[in-house]
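Taking our numbering, the leading residue of the sequence shown gets 532, the next gets one more, and so forth.
Positions of the beta carbon are idealized from the N, C-alpha and C atoms, including for glycine.
Have a look at the structure below before the remarks.
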Amino acid sequence: LTLAYKRTAGDDFLPLVFDTIPTDPAAGFSHVNVNTIDAGGYSLFDITDVRFYCTSSRTNRVMNFKTSNDFVRSLAFNGDQTGNAPSEWTTGFTALTGHDASLPGTTSNSNPTVPVPVPSLGLTELPFRDSVQNRFWAIGADAAQGGLRWECDDFFIGGDANTVHQVYVRMGTPVPQCLATCSDLAELDASVTQQGTDLDAVEATVTQQGNDLDAVEATVQQQGVDLAELSATVMQQGVVEVTSCAEVFEEVLSKLINTTQHAVEATVMQQGNDLDAVEATITQQGSYLGAINATVTQQGNDLGVVQQQAVDLAILESTVDQLNTTVLQQAGDLASLESTVDQLNTTVQALLDALDAYKSKSGGSGSKSTKKGWGRRHRRLMSRQ
Numbered sequence: 532l533t534l535a536y537k538r539t540a541g542d543d544f545l546p547l548v549f550d551t552i553p554t555d556p557a558a559g560f561s562h563v564n565v566n567t568i569d570a571g572g573y574s575l576f577d578i579t580d581v582r583f584y585c586t587s588s589r590t591n592r593v594m595n596f597k598t599s600n601d602f603v604r605s606l607a608f609n610g611d612q613t614g615n616a617p618s619e620w621t622t623g624f625t626a627l628t629g630h631d632a633s634l635p636g637t638t639s640n641s642n643p644t645v646p647v648p649v650p651s652l653g654l655t656e657l658p659f660r661d662s663v664q665n666r667f668w669a670i671g672a673d674a675a676q677g678g679l680r681w682e683c684d685d686f687f688i689g690g691d692a693n694t695v696h697q698v699y700v701r702m703g704t705p706v707p708q709c710l711a712t713c714s715d716l717a718e719l720d721a722s723v724t725q726q727g728t729d730l731d732a733v734e735a736t737v738t739q740q741g742n743d744l745d746a747v748e749a750t751v752q753q754q755g756v757d758l759a760e761l762s763a764t765v766m767q768q769g770v771v772e773v774t775s776c777a778e779v780f781e782e783v784l785s786k787l788i789n790t791t792q793h794a795v796e797a798t799v800m801q802q803g804n805d806l807d808a809v810e811a812t813i814t815q816q817g818s819y820l821g822a823i824n825a826t827v828t829q830q831g832n833d834l835g836v837v838q839q840q841a842v843d844l845a846i847l848e849s850t851v852d853q854l855n856t857t858v859l860q861q862a863g864d865l866a867s868l869e870s871t872v873d874q875l876n877t878t879v880q881a882l883l884d885a886l887d888a889y890k891s892k893s894g895g896s897g898s899k900s901t902k903k904g905w906g907r908r909h910r911r912l913m914s915r916q
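Now the structure itself:
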């Protein structure tokens, strides 16, 4: 028993007696918080249930219930209403013998009327109430009204009714400090059992993983054998590939030489044709000049005609000069072409030398026939020039 207040109608303005353990539930007039009992030797976890009981001659209803709610247990332990809410009262309670009050099931409001938490008022100053139906738990509450509110599932300011209020706490077996987080030893046993089951599952998993590891090692060994066989196959294919590479290189080089020779021959032939055309143009222009001279001689008696012809002759001479310049330019282009041919000859010779060197290293024969073929083409081209 931590709270017992028996009040008689008309006893107004009676101060509450805090920090005194009540000894008589029917006639007591005091209350305590559990944390002040036995010099604070109890902990919150020693409380397993809190019981509330009250009656009022005004309604004759009886409130009689218990709860193991964590907040209500904490309220009985230290009187602090911080964190109070209707849901702490409306669920999880058990109605006991004779209970016919609507509270705590209809609790709609739980805010304390005191501005700051006061431990001595935690269980007395309206900890739960139904503001819709005006039903309250109040013990000398509401200082603004002179502490005249003594209510049990009803509402009335004044002293016209007899009331009895009682609060009990059920203390369980003291829990060692190291297990203070476990409010129920059975819960701890269940946790240990579950952890044992989990450990068995872990061991089974480890065993399975060991079997899987053996299988992986066997697979790795098999893959090692396969890798060795694959390496041997790759090495064999590498030998074949080297031999094929030499043959392909020789074929490509031969085609490159032939293509270069054909290109040079075509260029030289084109330049020769252009030179022949220039020479024919010069010869034709010479014929024109001879004809003009004859015409001048023929018309020498006519001074006016001669003067006109002289002008034409000057124009023709200018044209001849331009043609001569063109011939010189063509001659320069031909010299440049000859230089290009010499460079190509040098390049082709270098390619042939490289091929001979490659074949000497790979054990192949030289390319004398290729060199001879190129020499004959070169001499033929030079004779044409």
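Collapsed DSSP secondary structure at I578 in the structure displayed: strand
Per DSSP, cross-strand counterpart(s) of S588: For S588, no pairing in a beta bridge is given by DSSP.
Closest Cα partner of G623 within the set G863, T598, D631: Out of G863, T598, D631, T598 has the C-alpha closest to the C-alpha of G623.
Three-way DSSP call (helix, strand, coil) for V593 in this model: strand
S641 - containing alpha helix (DSSP H), residue span: Unbroken run through S641: none, as it is neither H nor E.
C-alpha gap between L545 and N595, whole angstroms: Rounded to the nearest angstrom, the two C-alpha atoms are 25 Å apart.
Limits of the unbroken alpha helix (DSSP H) element including D601: 601–609
Euclidean distance between Cα positions of V700 and R604: Roughly 8 Å separates the two Cα atoms.
With 16 other Cβ atoms within 10 Å as the buried cut-off, status of I578: With a 10 Å radius around the Cβ and a threshold of 16 neighbouring Cβ atoms, I578 comes out buried.
Outcome for A692 when other beta-carbon atoms lying within 10 angstroms are tallied against a minimum of 16: With 16 or more Cβ atoms within 10 Å of its Cβ, A692 is classed as buried.
Where L534 falls: helix, strand or coil (DSSP): strand
Sequence-distant residues of the same chain with beta carbon closer than 6 Å to R660, five excluded per side: N640, F667
Reduced DSSP secondary structure (H/G/I, E/B, other) of H562: strand
Coarse secondary structure for G629, derived from DSSP in three states: coil
Unbroken alpha helix (DSSP H) run spanning T694, endpoints: From DSSP, T694 is part of no alpha helix (DSSP H) but of the beta strand (DSSP E) over 694–702.
Cβ neighbour criterion (16 or more within 10 Å) applied to D685: Counting Cβ neighbours within 10 Å, D685 comes out buried, since at least 16 surround it.
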